[in-house]
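Enquirer: Got a structure for you, questions after.
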Amino acid sequence: MTRTTLSLPEELLQRLRVLAAERGTSMAALIREAIEEKVGSQRRPPRSLGIGASGLSDTARRSGEERPEPRSWR
């Protein structure tokens with residue numbers, strides 16, 4: 515584990531101390547837990563997102579105009 519230094523507003527530090535005391539844990543453990551939750555909840559957008567982006571906003575409406583009439587099987 516690597517040590518790091520944080521600069522926190524006094525009010526936040528006091529709230530952290532109180533919460534750690536209430537839970538019977540260390541401030542470091544609470545900070546690790548909070549960071550893990552935040553980092554773990556951040557998902558990267560799928561690489562396929564936007565793969566078919568045409569830049570046109572009316573593609574669905576226009577698609578019927580460009581399609582040929584269906585041919586009969588007879």
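The working numbering puts the first residue of the sequence shown at 515, with every later residue one more than the last. Virtual Cβ for every residue (Gly too), placed ideally from N, Cα, C.
1) When the Cα atoms are used, what is the spatial distance from Ala543 to Thr519?
2) Distance check for Arg546 and Arg561, CA to CA, integer angstroms please.
3) Reducing DSSP to helix, strand and coil, say where Gly538 ends up.
Expert: Working from what's here:
1) Locating residue 543 in the sequence shown gives position 29, where the first residue counts as 1. Locating residue 519 in the sequence shown gives position 5, where the first residue counts as 1. Distance between the alpha carbons of Ala543 and Thr519 is about 14 Å.
2) As a first step, residue 561 must be located in the sequence shown, where it is residue number 47. As a first step, residue 546 must be located in the sequence shown, where it is residue number 32. So the two alpha carbons sit approximately 29 Å from each other.
3) Counting from 1 along the sequence shown, the entry for residue 538 is found at position 24. Looking at Gly538 - three-state DSSP - the assignment turns out to be coil, as it is neither helix nor strand.
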